[in-house]
Amino acid sequence: MAAVTFSVARYAPERDDAPRLEDFRLAVRPAQTVLEALQEIRGSLDPTLAFRSACRSGICGDCALMVNGIPRLACETLVRDVAVGERLQIEPLHHFRPLRDLVVDCEPFFDSLRAVVPWLVTRPDHDGRMTREAAREVEATNACILCGICDAQWEGHEVRRNAPGPGAMVKAYRLALDSRDALGRARLRLAVELNLLSPENARTLQALCPKVVPFGDEVFPALRPFAVQQE
Amino acid sequence: MHAYDVLVIGSGLAGLRAALAASERASVAIVSKVYPTRSHSGAAQGGFNAALSPQDSVAAHVFDTVKGGDYLGDQDAIEVMCTEAPGVIYELERLGTLFSRSEDGSIAQRSLGGAGFPRACFAADLSGHVVLHTLYEQLLRRQLRVYPEWHLLRLLVKDGVCGGAVCLDLHNGRVETIRAKVVVLATGGFGRTFSRTTNSLICTGDGVALAYEAGAVLSDMEFVQFHPTTLYGTNILISEAARGEGGYLLNNRGERFMDRYAPGLMELAPRDVVARAIQMEIKNGRGYEDEYVLLDMRHLGQDLIRERLPQVRELAERYAGVDIVREALPIQPGQHYSMGGVRCDVWGQTSVDGLLACGECANVSVHGANRLGGNSLLETVVFGRRAGLKAAELAGSRTLPPVDPAAGERESTRLAAVMHPAGEGVARLRRELTTLMTDKVGVFREGGELGAAVAEMGLLRRRYREAVVPTGGLSFNYALVDYLETGHLLTLAELIVRGALRRTESRGAHYRLDYPRRDDAGWLHHTFVSRQGEEPVFSEGEVSITQYAPKERTY
Numbered sequence: 000m001a002a003v004t005f006s007v008a009r010y011a012p013e014r015d016d017a018p019r020l021e022d023f024r025l026a027v028r029p030a031q032t033v034l035e036a037l038q039e040i041r042g043s044l045d046p047t048l049a050f051r052s053a054c055r056s057g058i059c060g061d062c063a064l065m066v067n068g069i070p071r072l073a074c075e076t077l078v079r080d081v082a083v084g085e086r087l088q089i090e091p092l093h094h095f096r097p098l099r100d101l102v103v104d105c106e107p108f109f110d111s112l113r114a115v116v117p118w119l120v121t122r123p124d125h126d127g128r129m130t131r132e133a134a135r136e137v138e139a140t141n142a143c144i145l146c147g148i149c150d151a152q153w154e155g156h157e158v159r160r161n162a163p164g165p166g167a168m169v170k171a172y173r174l175a176l177d178s179r180d181a182l183g184r185a186r187l188r189l190a191v192e193l194n195l196l197s198p199e200n201a202r203t204l205q206a207l208c209p210k211v212v213p214f215g216d217e218v219f220p221a222l223r224p225f226a227v228q229q230e
Numbered sequence: 000m001h002a003y004d005v006l007v008i009g010s011g012l013a014g015l016r017a018a019l020a021a022s023e024r025a026s027v028a029i030v031s032k033v034y035p036t037r038s039h040s041g042a043a044q045g046g047f048n049a050a051l052s053p054q055d056s057v058a059a060h061v062f063d064t065v066k067g068g069d070y071l072g073d074q075d076a077i078e079v080m081c082t083e084a085p086g087v088i089y090e091l092e093r094l095g096t097l098f099s100r101s102e103d104g105s106i107a108q109r110s111l112g113g114a115g116f117p118r119a120c121f122a123a124d125l126s127g128h129v130v131l132h133t134l135y136e137q138l139l140r141r142q143l144r145v146y147p148e149w150h151l152l153r154l155l156v157k158d159g160v161c162g163g164a165v166c167l168d169l170h171n172g173r174v175e176t177i178r179a180k181v182v183v184l185a186t187g188g189f190g191r192t193f194s195r196t197t198n199s200l201i202c203t204g205d206g207v208a209l210a211y212e213a214g215a216v217l218s219d220m221e222f223v224q225f226h227p228t229t230l231y232g233t234n235i236l237i238s239e240a241a242r243g244e245g246g247y248l249l250n251n252r253g254e255r256f257m258d259r260y261a262p263g264l265m266e267l268a269p270r271d272v273v274a275r276a277i278q279m280e281i282k283n284g285r286g287y288e289d290e291y292v293l294l295d296m297r298h299l300g301q302d303l304i305r306e307r308l309p310q311v312r313e314l315a316e317r318y319a320g321v322d323i324v325r326e327a328l329p330i331q332p333g334q335h336y337s338m339g340g341v342r343c344d345v346w347g348q349t350s351v352d353g354l355l356a357c358g359e360c361a362n363v364s365v366h367g368a369n370r371l372g373g374n375s376l377l378e379t380v381v382f383g384r385r386a387g388l389k390a391a392e393l394a395g396s397r398t399l400p401p402v403d404p405a406a407g408e409r410e411s412t413r414l415a416a417v418m419h420p421a422g423e424g425v426a427r428l429r430r431e432l433t434t435l436m437t438d439k440v441g442v443f444r445e446g447g448e449l450g451a452a453v454a455e456m457g458l459l460r461r462r463y464r465e466a467v468v469p470t471g472g473l474s475f476n477y478a479l480v481d482y483l484e485t486g487h488l489l490t491l492a493e494l495i496v497r498g499a500l501r502r503t504e505s506r507g508a509h510y511r512l513d514y515p516r517r518d519d520a521g522w523l524h525h526t527f528v529s530r531q532g533e534e535p536v537f538s539e540g541e542v543s544i545t546q547y548a549p550k551e552r553t554y
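Protein chains in written order, with numbering that gives the first Met the number 0: chain A, 0 to 230; chain B, 0 to 554.
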């Protein structure tokens, strides 16, 4: 495959007022991921380029960043699928505070979970059993890896401590749908207030989620009665 | 300066479980090189072994583990793990872990390699992920303090007592000292010593290497597990669940070749047996491109694949461009698990007072010469909990041990000294090291090649001493992280190779072409190694044998 130009956001707080773009040109192999390309840039072109990565197989969420304005996991994104006219723009996740180059402040995102009582409040009468159907209902939301991509995509959002965004709401959904949970549907009051249940909102987030967590079409029907009740 | 009763280093399953247990009676902080949910435990797919069914038994679980480990596992420790397994599974379930279920609503169990019974509790093929997130929820509930993206630089040991650690806070580049009455290491494995590995980029054995430097005894470093089925090209893990659910292995003649190697258990023989079989087929010209064989899951059907193997399907599709419903998947063996680690007892206590270890970084030893699928996740929660309880107990009866007040300053000076604009970085050196390990210290080993590897490693070590970090600044300096990790990999790789060269027998995952038989008279003992001056000194450690005398191991 031909050479691709990577326009990569660079930002050093001690030097820059705002992020700027720097171009790197790289010969890309077929099936090369954006993460592998970034590793190559760091390995052979500029060792100071800062970006996060860990599992390189889409299960840890560490390498989430913006590719051509859309939040994605770098390790799951093939360069050939996203390069436009042999160009690619890589920026830090939107709605998160940039710290250096592609590294953002994740602390407020993880802290935002605290607002939704993010653990199972086990029903006192739970006997260890759960029907297959009940387990299946929770399975899809349980796949969330807390990568922050939904928070980066949700329009008008700013990731803040104690301000639950879509990522925190997935945790709330997952627990609300769990037949073992004592709080159950009562957890969804927050979701209604956030207007996350709008089907349109939900479809956009689901389409971008690396784990295809059903923010919308599958979860929404289960939540609709509650939403109506709140109005 | 920070001070806690208990400092846990590492935030995977073992570290979180230890921290939660310790926090019931002690002040606890967790230091981790990543945010907790990004730990490598989350990548584990297969499951947690536990004898839950009335048709199964703890004794059977113990025996399978002993035999699977080729009689090198400590049977007293294995008994502890298998006995406590059902309890820890039910506990996780109550905390909110979403296990897959059987028809009657009980926790479903599947077959994994080397087990005489379907014994692995699972959550589709996301078993590690779901438990990691459950424990993270509990961490939020208990409001435990986490220092994320802090890298371990040194364990503070004075007069034989561990009293804390020096870390690099990657966010601001500061060198920080944390004092603690007890330190629990839970830093995971060191698969990144090999170029072909399923392990996360972060699995560089920092804790094990630094424990060794601090004087702790390591054990069985030469026992490295190669997983039979990793994606050809990227070595991303394809779960044993793929074979547990019925997948076949096929050579280039379309034969299910496992019938020649393990006619009883076929594809579900233990990993060492299957990895050798695959490598042998490739070696004898029955692979594809001399590199891989095929994992065929087409006969399982779309419904079962969707229900039980969704992640396998997704990984194959994304990274190999193969739809496993329609095509067979190219796979090859790759490094997967480090059986060796910091030697400890069933409460995590190492040879250094005040330093405990649990999870993959530890060697208890429950896996012996070869770990069974489903036993590593189990080990993390059983022995993580135990290490946490013991840490709190020890902390209750001691004050903060004295530490060298200049240690932090010395680390700062050391880092400043390697930051230099001119000179060779470590990137190439690290590539050469990990390729060397894959080529010469892999599934099949041989004395001459191991000797050559030892010699080459000496040269790499010399180059490392000259290497620089070609950039200033400490904040999010990943070139510096790379430098530190490469140092740890070099330390550990050398111990793996030397251990492999010394052990002139074949046992479990350690296979010597020049010594193809197990030799119980000469080698039924652990390989202990500790540092004296700059040199590793090896010795023999007794294996605990309580019930099962070594027998021939066939499947």
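Built from N, CA and C at the ideal position, the CB exists for glycine as well.
Would you list the residues sitting across from residue i in a DSSP beta bridge?
i, result
"Asn48(B)", "Ala119(B)"
"Glu23(B)", "In DSSP, Glu23(B) forms no bridge with anything."
"Gly540(B)", "His525(B)"
"Ser101(B)", "DSSP lists no partner for Ser101(B)."
"Thr32(A)", "Leu77(A)"
"Ala415(B)", "None, per the DSSP bridge assignment."
"Met65(A)", "Pro70(A), Glu90(A)"
"Ile8(B)", "Val30(B), Leu184(B)"
Grab the span of the beta strand (DSSP E) containing residue i for me, first residue to last.
i, result
"Tyr146(B)", "144-147"
"Ile89(A)", "86-90"
"Ser56(B)", "No beta strand (DSSP E) holds Ser56(B); DSSP gives it neither H nor E."
"Pro70(A)", "69-72"
Beta-carbon of residue i versus every beta-carbon of chain B: anything under 8 Å?
i, result
"Cys59(A)", "yes"
"Val227(A)", "Model confidence at Val227(A) stands at a pLDDT of 46, short of 50, so the residue's coordinates are unreliable; what they give is reported in the following sentence. Taking Cβ atoms only, chain B never reaches closer than 8 Å to Val227(A), which makes this a no."
"Leu112(A)", "yes"
"Val115(A)", "no"
"Pro46(A)", "yes"
Is residue i close to chain A? Criterion is C-beta to C-beta, closer than 8 Å.
i, result
"Thr186(B)", "no"
"Ile544(B)", "no"
"Leu97(B)", "yes"
"Leu6(B)", "no"
"Glu431(B)", "no"
When you measure from the CB of residue i to every non-hydrogen atom of the ligand ZN, does any distance come out below 7 Å?
i, result
"Ala240(B)", "The ligand ZN is absent from the structure shown, which contains no ligands of any kind."
DSSP three-state label for residue i, please.
i, result
"Ser52(A)", "coil"
"Arg325(B)", "coil"
"Ile237(B)", "coil"
"Asp295(B)", "strand"
"Ser287(B)", "The sequence shown places Tyr at residue 287(B), not Ser. In the structure shown, Tyr287(B) sits in a strand (DSSP, three-state: E or B)."
"Phe225(B)", "strand"
"Asn362(B)", "strand"
"Tyr554(B)", "coil"
"Ser337(B)", "strand"
"Ile177(B)", "strand"
"Val467(B)", "coil"
"Phe193(B)", "coil"
"Phe443(B)", "coil"
"Val563(B)", "Not covered by the structure: residue 563(B). The range shown for chain B is 0 to 554."
Starting from residue i, trace the alpha helix (DSSP H) in both directions and tell me its first and last residue.
i, result
"Tyr135(B)", "126-141"
"Val273(B)", "270-282"
"Tyr89(B)", "74-94"
"Asp110(A)", "106-111"
"Asp168(B)", "Not the alpha helix (DSSP H): Asp168(B) falls in the beta strand (DSSP E), residues 160-168."
"Ser375(B)", "374-395"
_With a threshold of 8 Å, are at least 3 pairs of Cβ atoms found where one atom belongs to the region 411-419 of chain B and the other to the region 459-473 of chain B?_
yes
| Would you call the region 266-281 of chain B and the region 323-337 of chain B in contact, with 3 or more CB pairs under 8 Å? | yes
Item to complete: Would you check if there are 3 or more beta carbon pairs closer than 8 Å linking the region 46-58 of chain B to the region 159-177 of chain B?
Response: no
Whether or not the region 89-102 of chain A and the region 152-165 of chain A are in contact is what I'm after, with contact meaning three or more pairs of Cβ atoms, one per stretch, closer than 8 Å; do they touch?
yes
Three CB pairs or more closer than 8 Å across the region 124-134 of chain B and the region 64-78 of chain B:
no
Answer yes if the region 161-180 of chain B comes into contact with the region 336-345 of chain B, meaning at least three C-beta pairs across the two stretches below 8 Å, and no otherwise. no
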